[in-house]
Every structure is written in structure tokens, then in C-alpha cells.
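A quick write-up on the structure given underneath.
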Ligand code: AMP
Ligand code: ZN
Ligand code: FE
Ligand code: FE
């Protein structure tokens, strides 16, 4: 059997591994195909593509866009996108600037709570253009205000907590259209964490191509439920670990093994002109 992991993060967003390290883990688990889905950026895709090629692993460039639909935050995965597409890149630059401004605001809120966190400390830890709350959390651990990421989110960073800053989000229809314009396919990430299945028919109407059924935080019953939803709406089925690096002593990569047939179906649905439609030839 061949397997894929289509949801992975590197240090180009809030993961901790380099593209090469992540590929090494993928190779050790024997994956046939990997996709890199950093938040609001494709900066890691060229290196990850090269590392995968060298390891004889098929690679799909991708990104996880933060979007909003009828007041709910959604993450839209774009697969097989052209990572040099000018409008995709300019839109992503805009999302990244918003993320940077949001870090500044979160730090200001923490300072008002007499927590002496410096924006430069967060940005040094983030060391990327697409910073997010996990970087603020790591900086809070570093200055010993919290012991771990969970505590940082629970006390300060999650929605409704004192350092939470609402995020500018593109509407999901715009994100889907942008992904299509860049030649890719749009997939709703981890629907089991969104709790708004009622949005799915409208997302399908907006052109959404697939749904992430397999995810580390989806129990078996949730996976089965979304496989049915995918079937009902003729959606592609995807899945991945959402690995961000080391997690409680072990990286999540390897915890989800998406059967390769789903990658084949995804590739078949890519536009005719998309180079990732081509059958993949193993390097060896
Ligand atoms: P942001 O993109 O700034 O909204 O941050 C969202 C990211 O934070 C998610 O992609 C997760 O990786 C991470 N995250 C969310 N909740 C938690 C949590 N309770 N503990 C650790 N990481 C979290
Ligand atoms: Zn993340
Ligand atoms: Fe996500
Ligand atoms: Fe993710």
C-alpha cells in the first residue's frame, strides 16, 4: 500500500522543522507523497519539492489559507497551486503583513497585563514572514510566563482570552477563487474542528473541491462522518497529520496515512494544464 500525508507545516510558518528535516521524517515513514501546507505562504515549497525529489517522494505544493465564512474561521487548503503565481504571491504577502501586525497587537495586550514580552523576541523565534500565535506562545515559554503551548493558549491566546486579537480573514469564496486562479484545488481543512457542517453546501456552491476527512484530531467516527459528507457532495477526500514538529516527545507525521488512491483522484481533478496532473515517476 502507498500512503500520503497532505497536511504538514515547516518553520516557514509555525512548524519547527526545515523542509529537509520534514522530508527526512516522511521518508522514514515510507510516504509515497507529501504536501507542504504552511499557513499563508508557499516559501518552503521549492526546497521541500527538491528534498522530496531526492528522496523519491512525490510532492504537492500547497498552502493553508486562513479564511472566514459567515462569521466562522475556516482553513482552506490549496493543493497543486503554482507557487510563482503573481496574484497568489501578492495576496499572501498581504496576509503575512496582517499576521505581523497581529503579533505586535498581541504583544501590546500582553504588555498591558504587565508581561514584559518584546515583539522582537517573538519575531526572532518566528524567523519567518508568516508568524502566528504559536510563536507568541513559544516566546512566553522562553520568558517563563507559561510552561507549555497549551497553557499559553488557555490563559492568553485562544479566542476570548486577554491577548487574543481578531484576525483579518479573506472570505472563503475568495480563498477558493484564488486557489483556482493559481491552478490548484481547494479543500476544507479539519472540518471536525470547525463544528459548522451547515456551511459545507454553500462552500461546495462556492467551488470547494474537497474535504479533509483524515486528520490527527478526527476520531474514527468523525472520519467516517466526513467520508459520507464527501460522498454526498462528490468532494475529494484528503488527509494529513497537521504535523508542526515535535509534539509531546514525538512528531505527528506518520500518525495519518492517507491511502494513495485519494492523491490519484485529486490529481485527476487538477486542470489539464497543471503539471502535477502527470503521473509521478519514481526517481529510482
Ligand atoms: P494563528 O494562525 O495565529 O491563528 O494560530 C493558529 C495555530 O495555532 C494553529 O494552526 C495551531 O497550530 C496552533 N494552535 C491552536 N490552538 C492551540 C493550542 N491549544 N495549543 C497549541 N497550539 C495551538
Ligand atoms: Zn499551524
Ligand atoms: Fe488549520
Ligand atoms: Fe495546519
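Residue numbers (the working numbering): -6 to 277.
Beta carbons are placed, not taken as given, at the ideal position from N, Cα and C, and that holds for glycine.
| task | From the DSSP output, read off the bridge partner residues of residue 207. | result | Within the chain shown, residue 207 is the residue found at index 214, counting from 1. 232, per the DSSP bridge assignment.
| For residue 135 versus residue 108, is the C-beta spacing smaller than 9 Å? | Here residue 135 refers to the residue found at position 142 when the chain shown is read from its first residue. Here residue 108 refers to the residue found at position 115 when the chain shown is read from its first residue. Not a contact, by the Cβ cut-off of 9 Å.
| said: Using only Cβ atoms and a threshold of 7 Å, which residues come within that distance of a heavy atom of ligand 4? Order them by chain position. | reply: 0, 2, 30, 32, 57, 68, 182 and 235
| message | For ligand 1, I want to know if residue 237 counts as a neighbour, meaning its beta carbon is within less than 8 Å of at least one of the ligand's heavy atoms. | response | Sequence index remark: in the chain shown, residue 237 carries index 244 (1-based). Under cutoff, so the answer is yes.
| Roughly how many angstroms lie between the CA atoms of residue 260 and residue 139, to the nearest whole one? | Within the chain shown, residue 260 is the residue found at index 267, counting from 1. Within the chain shown, residue 139 is the residue found at index 146, counting from 1. The straight-line gap from Cα to Cα measures roughly 44 Å.
| request: Report the partner residues of residue 301 according to the DSSP bridge assignment. | output: With the chain covering only -6 through 277, there is no way to say anything about residue 301.
| said: Which residues does DSSP list as the beta-bridge partners of residue 101? | reply: Along the chain shown, read from residue 1 onward, the residue named residue 101 stands at position 108. In the DSSP output, where bridge partners are listed per residue, residue 101 has none listed.
| message | Under 8 Å: does the beta carbon of residue 127 sit that close to some heavy atom of ligand 1? | response | Stepping through the chain shown from its first residue, residue 127 is reached at position 134. Yes, ligand 1 has a heavy atom inside 8 Å of this Cβ.
| message | Please tell me whether, using a cut-off of 8 Å, the distance from the CB of residue 214 to the nearest non-hydrogen atom of ligand 1 is below it. | response | In the chain shown, the residue the question calls residue 214 occupies position 221. Checking every heavy atom of ligand 1 against the Cβ of residue 214, none is found closer than 8 Å.
| request: Compute the minimum distance between the beta carbon of residue 7 and the heavy atoms of ligand 2, and state whether it is under 8 Å. | output: Translated into the one-based positions of the chain shown, residue 7 becomes position 14. Yes - ligand 2 has a heavy atom lying nearer than 8 Å to the Cβ of residue 7.
| Cβ-heavy atom distance between residue 161 and ligand 1 below 8 Å? | Counting from one through the chain shown, the residue named residue 161 turns up at place 168. Outside the cutoff, so no.
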